[in-house]
Structures are given as structure tokens and as C-alpha cells.
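Below, the structure is given as C-alpha cells:
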């Protein structure tokens with residue numbers, strides 16, 4: 148069954164006049180008559196009752212009309228979906244992320260993606276960097292928002308954000324009165340850090356930066372999440388050292404003060420393996436626009 152035959156049937160059913168229907172279809176009247184005849188012969192039914200003076204839908208034609216309209220609509224929808232998929236404007240994208248991008252980076256991405264490409268669905272997964280890298284290599288995710296640097300091969304990255312460091316303190320802590328802190332200020336305070344297992348490259352670089360200041364720090368605990376760290380700070384068990392983005396959403400009675408680390412910055416990176424589908428290229432282009440690549 149040809150779509151043009153269905154279209155001819157629908158237009159004639161609406162006009163009930165061969166001349167007007169042919170004009171709407173931009174064909175000559177004999178061609179319209181041939182298309183209707185071909186459709187009726189293919190179906191083995193009479194769709195119209197007609198004589199020299201009038202055209203009317205047959206009972207079969209009245210029943211067939213909504214089905215023909217539905218079939219034509221579905222065919223148009225299928226064409227639209229295929230073209231949108233080829234342009235990378237429809238489908239599902241899977242993004243893993245470290246929790247410190249929740250206050251700013253991730254909402255910006257999701258909001259813009261929804262406005263620009265409302266037919267793209269996304270799956271989001273909060274995971275530490277090593278688990279993201281394993282998922283990327285195994286094809287479980289399309290992109291990761293990771294803490295750099297990463298260890299191992301097979302993953303491409305680019306820096307999208309650089310962060311300074313802050314110290315999270317109970318609001319009534321003596322150090323909270325200072326505008327900027329030095330590493331030496333932390334020597335007497337129980338200190339919380341993000342554990343190496345959750346971001347090995349990030350941990351190694353941070354510890355090296357602290358070692359350059361030759362301060363004997365009291366590491367109270369190495370934790371898996373900055374949210375847990377901030378909860379412990381709020382409870383008064385110590386102070387937390389974390390990147391500035393992770394401190395954008397502080398719990399009550401906790402304040403953050405900049406830490407002078409001699410120019411050392413933490414880096415958030417976009418990670419991926421292959422840009423091998425239209426939708427991946429679309430999302431990658433949007434990420435490039437929102438967070439332009441920055442030198443390592």
C-alpha cells in the first residue's frame with residue numbers, strides 16, 4: 148500500500164469532490180481516480196459510492212478513514228524520528244558524574260540540554276571517578292564528569308573547570324574569623340580529606356601540594372563523599388578540605404574559607420571513549436559550548 152494512495156483517499160474523503168481533491172493534491176483528476184481505484188483494488192473493497200453527480204464514503208470507507216489517518220500520521224512521525232535521530236536530536240544519553248558538580252555544572256548542563264533538545268532523555272549516575280572510568284570502558288556510560296587527573300589508558304579527557312580549595316569550618320570555629328587560610332593554620336585541627344580510592348590523581352596532587360608547605364597535618368579521616376565530610380564538619384568533629392565547587396551547598400552552621408595553596412587547583416574533566424553516534428556528538432558539542440576546553 149502506497150502512502151500517496153492513503154493521502155489521496157483521505158483528501159477525497161474530506162472534499163467528496165474529485166476536482167477539489169485533485170487540486171489540493173496538486174495532481175490531475177484522472178490521476179486521482181487511478182489512485183483511488185488502485186487502493187480499492189488492493190484492499191478488495193469499495194471505499195466510495197459515486198455516480199456522475201455525487202461522491203460519498205461507503206460504510207467501509209467511513210470505518211477505514213480514521214485508520215488511514217492514523218497510518219499516515221505514524222509514517223510522518225517515523226520519518227521525523229529518523230531524521231531527528233540522524234541529527235542527534237533524539238535518543239538517550241548516559242552521564243556519570245562526581246557529586247561536587249551537583250550544585251552548578253550538572254544543573255547547567257541538564258537545563259540547557261532540555262531546552263535545546265527536549266527529545267533527548269538522559270540517565271544520570273553519581274559515581275566516584277574510578278567507577279566512572281570502568282563504566283566508560285565497559286560501555287555503561289557515554290560521558291563522565293570526573294576528577295582529574297585520571298590514571299590508566301583508553302579514556303579521552305579535557306578540563307572543563309578548575310577550582311581553588313576551601314576549608315569548611317563550623318561557623319563558631321576560631322579559624323572562621325580569618326578571610327583566607329594558610330596550610331599552617333590547619334596544623335592543629337582534625338582534618339577531613341576525600342579518600343584516595345575515590346579520586347587517586349586528585350588525592351595525589353593535593354597531598355603533594357600540602358607537603359610542599361611542610362605542615363604536619365592531623366588527618367582525622369579520609370571519606371568517600373564531600374557531603375559526608377560536610378556533615379561531620381557541621382557536627383563539630385573537625386574541618387574539611389575540599390574544592391570550591393563542592394562547597395557551594397553548605398549545611399547550616401558551616402562556613403567556607405579560601406585556602407592558599409600556591410596556585411594549586413583541582414580540575415573537573417569531561418571523559419569519554421568514542422564519539423561514534425549522532426547523539427554523542429550533539430551532547431559533546433553542547434558541553435564544549437557550555438564549558439570550553441581548558442589547558443591541562
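In this note's numbering, the protein residues as written are 148 to 443.
We put the beta carbon where it would ideally sit given N, CA and C, even for glycine.
*asked:* Just to confirm the assignment: which complete alpha helix (DSSP H) runs, minimum length 4, are found wholly within the stretch 197–241?
replied: 206–233
*So is residue 173 buried or exposed if we call it buried at 16+ other beta carbons inside 10 Å?*
For the purposes of this step, residue 173 is identified with residue 26 of the chain shown, where counting begins at 1. Exposed, because fewer than 16 other Cβ atoms sit within 10 Å of the Cβ of residue 173.
*asked:* On the criterion of 16 or more Cβ atoms from any shown chain inside 10 Å, does residue 333 qualify as buried, or is it exposed?
replied: In the chain shown, residue 333 corresponds to position 186, counting from 1. Label assigned to residue 333: buried.
*asked:* On the criterion of 16 or more Cβ atoms from any shown chain inside 10 Å, does residue 376 qualify as buried, or is it exposed?
replied: The sequence position of residue 376 within the chain shown is 229, counting from 1. Buried.
_Backbone CA spacing between residue 353 and residue 311 [nearest angstrom]_ = Along the chain shown, one-based indexing puts residue 353 at 206. Along the chain shown, one-based indexing puts residue 311 at 164. Distance between the alpha carbons of residue 353 and residue 311: 11 Å.
*asked:* If distances are taken between C-alpha atoms only, which option among 280, 181, 166 comes closest to residue 200?
replied: Locating residue 200 in the chain shown gives position 53, where the first residue counts as 1. Answer by Cα proximity: 166.
*Going by C-alpha distance, which of 394, 430, 439 is nearest residue 262?*
The sequence position of residue 262 within the chain shown is 115, counting from 1. Measuring from the Cα of residue 262, the nearest candidate turns out to be 430.
*Using DSSP with H/G/I as helix, E/B as strand and the rest coil, what is residue 189?*
If you number the chain shown from 1, residue 189 lands on position 42. Here residue 189 sits in helix by DSSP.
_Excluding the 5 residues flanking residue 234 on each side, which residues of the same chain have their C-beta closer than 8 Å to its C-beta?_
Sequence index remark: in the chain shown, residue 234 carries index 87 (1-based). Taken in chain order, the residues that qualify are 425, 429.
*alpha helix (DSSP H) runs contained entirely in the stretch 267–323, provided each spans 4 or more residues*: 276–284
_When you compare the CB positions of residue 445 and residue 236, do they come within less than 8 Å of one another, or not?_
In the structure displayed, the chain extends from 148 to 443; residue 445 sits before or after that span and is not available.
*Could you give the distance in angstroms between the alpha-carbon of residue 370 and the alpha-carbon of residue 340?*
For the purposes of this step, residue 370 is identified with residue 223 of the chain shown, where counting begins at 1. For the purposes of this step, residue 340 is identified with residue 193 of the chain shown, where counting begins at 1. Roughly 6 Å between the two C-alpha positions.
*asked:* Within 8 Å, do at least three Cβ pairs link the stretch 245–253 to the stretch 387–394?
replied: yes
*Run through DSSP, which three-state label would residue 409 get?*
As a first step, residue 409 is located in the chain shown; it is residue number 262 there, counting from the start. The answer is coil: DSSP assigns residue 409 none of H, G, I, E or B.
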